[in-house]
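Q: If you scroll down you'll find the structure; I have some questions about it.
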Amino acid sequence: MYASTDFGTWYESNRNYFIMVLNQLREILENYVKQPDDSPDIELISLQKDRSELEIKEAAATMTSPPALEQLCQRFKLSEFERSILVFCAGVEIDLRFPHLCTKAHGTESQYNPTFGLALSILPNPHWSALAPDSPLRYWKLIELGSNNILTNTSLYIDERILHYLIGVKTTDPLLTEITELPADTQQLIPSHQCLADSIKALWGLNSLQNSPPLIQLCGSEMEDKTDIAQAVCQHFNLQVNLLNCHRIPLRPNELETFIRRLERECILEAKALLLVCEDIDYSDKLQLASVHQLLEELQCFAIATTVSPLPGIKRQMIRFDVPKPLPQEQLITWENSVAELKTQLNGQGKLISDSEQLMQDLQELTSQFQLSTSTIRRACTAAVGQLTIPSAPSLKQALWQSCRVQARPRLDELAERIESKLSWEDLVLPPLQKGILKEISAHVRQKAKVYEKWGFASKSRRGLGITTLFSGPSGTGKTLAAGVLANELNLDLYRIELSAVVSKYIGETEKNLQQIFDAAESGGVILLFDEADSIFGKRSEVKDSKDRNANLEVSYLLQRMESYPGMAILTTNLQSNLDPAFMRRLRFVIQFSLPDAAHRAEIWRRIFPPDTPTEGLNFEKLAQLNAPGGNIRIIALNSAFMAADAEEPVQMKHILKATQTEYEKLGKSLTSVEISGWI
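Under the working numbering, think of the first position of the sequence shown as 133, with each following residue one higher.
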């Protein structure tokens, strides 16, 4: 309506303007209620009318922005008569002389408000259609009708929101409290997103004079990027953005109809566009989906809907744009710009890399490991400020890396279990071949930036760039332990996927659950650990019934998704033969974990007790006689430590023997004399 910096001046001018308009209408009403013997001078009235209209026009010409009344009349296309009715209704609320004059005009002390019959009698250029149901005054609910059955005798009332608007008071429609007004400032868009914004501008520019501009649908996983695009487009057309979550839309038909009308009125009144957020819409909720459809189909204003996947069944013309994640080069540019702003914020404080070549290398590693949206990159830089200003500040790369990990967590924390790992290579006892492959996997992750981007392996296709590994072997042989070592070594988060929560008996639910996990993990900085993967990555079978068909569809979906997933995934299985052969072709590494031999068991026993654990007389060669995998050895060591602590003794062979007997009893195994020979 007005620029915020000019509000004080505009408000006073608008107030004076509206008082002049009210005075002009009050004079008409006063002349009407005069007695017949006090017949007014027609020429004098005409002269006064011309003079007041001239003064009103001059007052409007001096204002920084048009008066609220004129803006409203223009936007809702009110005729002169409709404009006068609106002013008449406002006058009763503002000027105490109006109700008194209305009673005189009606000839009754009980009628304080104007009626349509009185308006037809005294206002210039009257027309009956002004109060038709589809007229602007009633369609947009600028005025409300009283309860009288006779239309000409029905009292007319101005809507409270419209009254505040005419006076110049900035307020919100009480029925639209669920709407959020986004700030006017916009972020600079990356080239691919700027191209989308320019296309939407062109579409709206061609249709800006139409009553029904095309509805825009932005599809993609990053809500903030879609919001940035919408704000950039709306700013181009000087439109403020109103954000509405689809879950806030009324579901009852009568409430929904009123809500849509008020929402559309608000957008027209304040020159706003609607940003409807449908990120987590439930497509199975038919009532909610119908409400969203009705709103989008009836709302005749500039509107943008944001979704993860396309909204089905919209009858109104809707133009879809897919919003991709920033390309690696675009992410790198965003990192450079954000770090430059970070340096300005720190103003010489904190640890920063002065070597521009080293800085560029570090940013390339961040870009390769984390596929973040532009807004997330900015947040990560802002979050790093706090780390860089403390006395024991990390390097810029370490601070940004940690910020990226934290920023990427929220979506996955709701879907999987995050495993904190402090394990190192020293905690891992494996044959040289298996340990060498693990270090090779680590090198693949660390050198992604150099090989994929600098050396150009990702230039032609970005499919198949993820690092998918199979850990196969009996339970307790160190598969999960090895995953934890990799996560700690690479400074990445490890998430274990609970397959019991993923697999569903309902058609399509398993794929939906997996999609949520992969979508959340694609921002990078995580290792996905699928325990007992053969339960979900199993072989496809011959189709004999609908269950077989659905199971095969799940496997096929997983094959496609694993192919496109850019991050690191570890699949563990006790039975490699149960996996679908198509998965095996997509695996970059396969490591066979076998039961440890005596030499490896002895080494596990040497490393199993932390340095602070008191021990006495432990014979690791004798303990290695116990034919148990590393997982069981760890449980035995832990239980023996509790026994020793309770006895206020250091851990001894007798405690380990007792703990071993308890563990074997739990497993239903028999402890042989050969295994414990010479222990005590």
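Beta carbons are placed, not taken as given, at the ideal position from N, Cα and C, and that holds for glycine.
Please list, in chain order, all residues of the same chain as D78 whose beta carbon is under 7 Å from its beta carbon, the five residues on each side excluded.
A: Nothing in the structure corresponds to residue 78, since the chain is present only between 133 and 812.
Q: Does the distance from the C-beta atom of E621 to that of S505 stay below 8 Å?
A: Taking 8 Å as the Cβ cut-off, E621 and S505 do not qualify as a contacting pair.
Q: My assumption, with CB atoms under 8 Å, is that P198 sits in contact with A191. Please give the rounded CB distance.
A: Going by Cβ atoms, the distance from P198 to A191 rounds to 11 Å, so no, they are not a contact pair.
Q: Any chance you could list the beta strand (DSSP E) runs of at least 3 consecutive residues sitting entirely within the segment 719-794, in chain order?
A: DSSP runs (the beta strand (DSSP E)) wholly in the segment 719-794: 721-724.
Q: According to DSSP, is L503 helix, strand or coil?
A: Reading off the sequence, residue 503 comes out as Gln, not Leu. In the structure shown, Q503 sits in coil (DSSP, three-state: anything other than H, G, I, E or B).
Q: Alpha carbon to alpha carbon, what distance is there between Q490 and N759?
A: If you take the alpha carbons of N759 and Q490, they lie about 50 Å apart.
Q: Does DSSP classify Q120 as helix, strand or coil?
A: Residue numbering for the chain in the displayed model covers 133 to 812; residue 120 lies beyond these limits and cannot be assessed.
Q: Alpha carbon to alpha carbon, how far is L157 from I381?
A: Each residue's alpha carbon lies about 40 Å from the other.
Q: Note the first and the last residue of the continuous alpha helix (DSSP H) segment covering I702.
A: No alpha helix (DSSP H) contains I702, which is instead part of the beta strand (DSSP E) from 700-705.
Q: Tell me the rounded alpha-carbon separation between P698 and S709.
A: Cα to Cα, the separation comes out at about 26 Å.
Q: Hey, R207 and L401 are a contact pair by Cβ (cut 8 Å); roughly how many whole angstroms apart?
A: Indeed they touch by this definition, with Cβ atoms about 7 Å apart.
Q: Taking only three categories from DSSP, how would you classify G608?
A: Coil at G608, not helix or strand.
Q: I need the boundaries of the alpha helix (DSSP H) containing N469, first residue and last residue.
A: Here the alpha helix (DSSP H) through N469 covers 460-478.
Q: Would you mind reading off the limits of the beta strand (DSSP E) that contains L277?
A: Looking at the DSSP string, the run of the beta strand (DSSP E) that includes L277 is 275-277.
Q: Name the residue from V165, L565, E748, F741 whose alpha carbon lies nearest to the alpha carbon of I768.
A: For I768, the nearest C-alpha among the options comes from F741.
Q: Count the other CB atoms, across all protein chains shown, that sit within 10 Å of the CB of I188; report buried if there are 16 or more and exposed otherwise.
A: Per the 10 Å Cβ criterion, buried.
Q: In chain order, what residues of the same chain have a beta carbon less than 8 Å from the beta carbon of S574, not counting five sequence neighbours either side?
A: Excluding residues within five positions, the ones whose Cβ falls inside 8 Å are L618, E621, L622.
Q: Can you tell me where the beta strand (DSSP E) holding V224 begins and where it ends?
A: Run containing V224: none in the beta strand (DSSP E); it sits in the alpha helix (DSSP H), 212-226.
Q: To the nearest angstrom, how far is it from the Cα of M152 to the Cα of N163?
A: If you take the alpha carbons of M152 and N163, they lie about 17 Å apart.
Q: Can you say whether A731 is buried or exposed, counting buried as having 16 or more other CB atoms within 10 angstroms of its CB?
A: Exposed.
Q: Output the boundary residues of the alpha helix (DSSP H) element that contains R595.
A: No alpha helix (DSSP H) holds R595; DSSP gives it neither H nor E.
Q: Using a 10 Å radius around the Cβ and a threshold of 16 neighbouring Cβ atoms, would you call L474 buried or exposed?
A: By the 10 Å Cβ count, L474 comes out buried.
Q: Count the other CB atoms, across all protein chains shown, that sit within 10 Å of the CB of L770; report buried if there are 16 or more and exposed otherwise.
A: The residue in question, L770, is exposed, as its Cβ has fewer than 16 Cβ neighbours within 10 Å.
Q: Count Cβ pairs between the segment 217-226 and the segment 246-256 that sit closer than 8 Å; are there 3 or more?
A: The answer is yes - the segment 246-256 touches the segment 217-226, with three or more Cβ pairs under 8 Å.
Q: Put A590 into one of helix, strand or coil per three-state DSSP.
A: Of the three classes helix, strand and coil, the one that applies to A590 here is coil, per DSSP.
Q: Is K302 close to chain D? Criterion is C-beta to C-beta, closer than 8 Å.
A: Within the model displayed, chain D is absent; a lone protein chain is all it includes.
Q: With 16 as the cutoff for other CB atoms within 10 Å, does E795 come out buried or exposed?
A: Label assigned to E795: buried.
Q: Start and end of the alpha helix (DSSP H) containing V373?
A: Per DSSP, V373 belongs to no alpha helix (DSSP H); it is in the beta strand (DSSP E), 372-377.
Q: Please report the Cβ distance between R537 and D651, rounded to the nearest whole angstrom; I am assuming they are in contact, meaning their Cβ atoms lie under 8 Å.
A: About 18 Å; that fails the 8 Å criterion.
Q: So for Y627, helix, strand or coil by DSSP?
A: The answer is strand: DSSP assigns Y627 an E or B state.
Q: Okay, do the segment 359-375 and the segment 312-320 touch, 3+ Cβ pairs below 8 Å being the bar?
A: Yes, the segment 359-375 is in contact with the segment 312-320.
Q: Which residue or residues does DSSP assign as beta-bridge partners of E313?
A: Beta-bridge pairing links E313 to N374.
Q: Please state whether DSSP places Y697 in a helix, a strand or coil.
A: If DSSP states are grouped into helix, strand and coil, Y697 belongs with coil.
Q: Straight-line CA distance for Q493 to T601?
A: Taking the straight line from one Cα to the other gives about 27 Å.
Q: Report the rounded CA-to-CA distance for N245 versus P231, giving the unit in angstroms.
A: Their backbone Cα atoms lie some 6 Å apart in a straight line.
Q: Since S287 sits in a beta bridge, which residues does DSSP pair it with?
A: For S287, which the question treats as bridged, DSSP gives the partners T247.
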